[in-house]
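Chemist: The working numbering numbers the first residue of the sequence shown as 2 and each following residue consecutively. For every residue, glycine included, the Cβ atom is placed at its ideal position computed from N, Cα and C. In this text, all values refer to a predicted model and were calculated from it rather than measured experimentally. Attaching a single structure in structure tokens format; questions to follow.
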Amino acid sequence: MKSTAILIALGILPFLANAETITGHYSSNLPMKRGDISISVKRTGKSTQPNKKGRFALRNVDIDNDTLVLHSESHDRTSYLPVRGCVEFIIKDEADKVDIVQKKAPYEPSGMYGGQIFTKASLEKTGESMTLAAVNAKAPRSNVYTSFTGKTEPLYYIDGLEVGEIATLPLSEVAYVELVRPSNPECAAMGSRGGNGMILVTTVTKYKAENPAWNEPTEYHWEIQLDAGK
2 MKSTAILIAL
12 GILPFLANAE
22 TITGHYSSNL
32 PMKRGDISIS
42 VKRTGKSTQP
52 NKKGRFALRN
62 VDIDNDTLVL
72 HSESHDRTSY
82 LPVRGCVEFI
92 IKDEADKVDI
102 VQKKAPYEPS
112 GMYGGQIFTK
122 ASLEKTGESM
132 TLAAVNAKAP
142 RSNVYTSFTG
152 KTEPLYYIDG
162 LEVGEIATLP
172 LSEVAYVELV
182 RPSNPECAAM
192 GSRGGNGMIL
202 VTTVTKYKAE
212 NPAWNEPTEY
222 HWEIQLDAGK
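The following block contains the structure:
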């Protein structure tokens, strides 16, 4: 019995790895009864209905392989919407077609040392044009005095290479910044050199080379043609 349970658990691991929450908005110009529309996941059969504002959500969807099923009971029609990696759906149901906009989630960077990540978009909101000024505006206490070195500056890295400063680095060249606090084990392992933490900058050039998807949502817009009145 125990071995059976283990095999079952291993079998669902690939599904869980891709499981995410899908959200969306449904609207229609057709006459509808309350509860007429259901949106379900073909693989698991889990279903939901849009709320009064048309919003809906489905959890634990395998976004790489699942298909959403849009069903109208009173109009007796069903449409199949492949998820294909998207996490947001905007569905407009009309007499002769279903108009769909699908959006992928933005590609979010992951840091090397579990530090705090500031994307270019979040740093731009500070109004600063230089990288260090923007980081300090987001995290004013990033530079902390240490008695080991007598310095207040953290260690700076650009694309993995240590540099003397980043004060003159334009924010326009930056993809994201990882702020690693002095308490981080990686800094502690560096002794006095890591006493003020680290600021690791990844440039747009390096990030795009390593991540072809980049950090922008991808949007699909398509239609399902229907017979009027069906």
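Mapping DSSP to helix, strand and coil, what is residue 150?
Modeler: Stepping through the sequence shown from its first residue, residue 150 is reached at position 149. Residue confidence for residue 150 is low, a pLDDT of 48 falling below 50, so the modelled location carries little weight; the figure read from the coordinates is stated next. Coil.
Chemist: Which runs of the beta strand (DSSP E) spanning at least 3 residues fall entirely within the region 163-228, listed in chain order?
Modeler: Listed in chain order, the complete beta strand (DSSP E) runs (minimum 3 residues) inside the region 163-228 are 175-181, 199-204 and 220-226.
Chemist: Using alpha carbons as the reference points, say which of 40, 58, 116 and 168 lies closest to residue 21.
Modeler: As a working mapping, residue 21 is identified with position 20 in the sequence shown. That would be 58, whose Cα lies nearest to the Cα of residue 21.
Chemist: At a cut of 8 Å, does the region 88-100 reach the region 170-188 through at least three beta carbon pairs?
Modeler: Flag = no, the region 88-100 and the region 170-188 do not touch.
Chemist: Output the boundary residues of the beta strand (DSSP E) element that contains residue 21.
Modeler: Your numbering for residue 21 matches position 20 in the sequence shown. From DSSP, the beta strand (DSSP E) with residue 21 extends over 20-29.
Chemist: In the structure shown, what three-state DSSP assignment does residue 231 receive?
Modeler: In the sequence shown, the residue the question calls residue 231 occupies position 230. Residue confidence for residue 231 is low, a pLDDT of 49 falling below 50, so the modelled location carries little weight; the figure read from the coordinates is stated next. In the structure shown, residue 231 sits in coil (DSSP, three-state: anything other than H, G, I, E or B).
Chemist: By DSSP, does residue 74 sit in helix, in strand, or in coil?
Modeler: Stepping through the sequence shown from its first residue, residue 74 is reached at position 73. In the structure shown, residue 74 sits in coil (DSSP, three-state: anything other than H, G, I, E or B).
Chemist: State the DSSP-derived secondary structure class of residue 123, mapped to helix, strand or coil.
Modeler: For this step, residue 123 is matched to residue 122 along the sequence shown. Three-state result, residue 123: helix.
Chemist: So which of 202, 40, 225 and 193 has the shortest CA-CA distance to residue 163?
Modeler: Sequence index remark: in the sequence shown, residue 163 carries index 162 (1-based). Considering only alpha carbons, the answer is 202.
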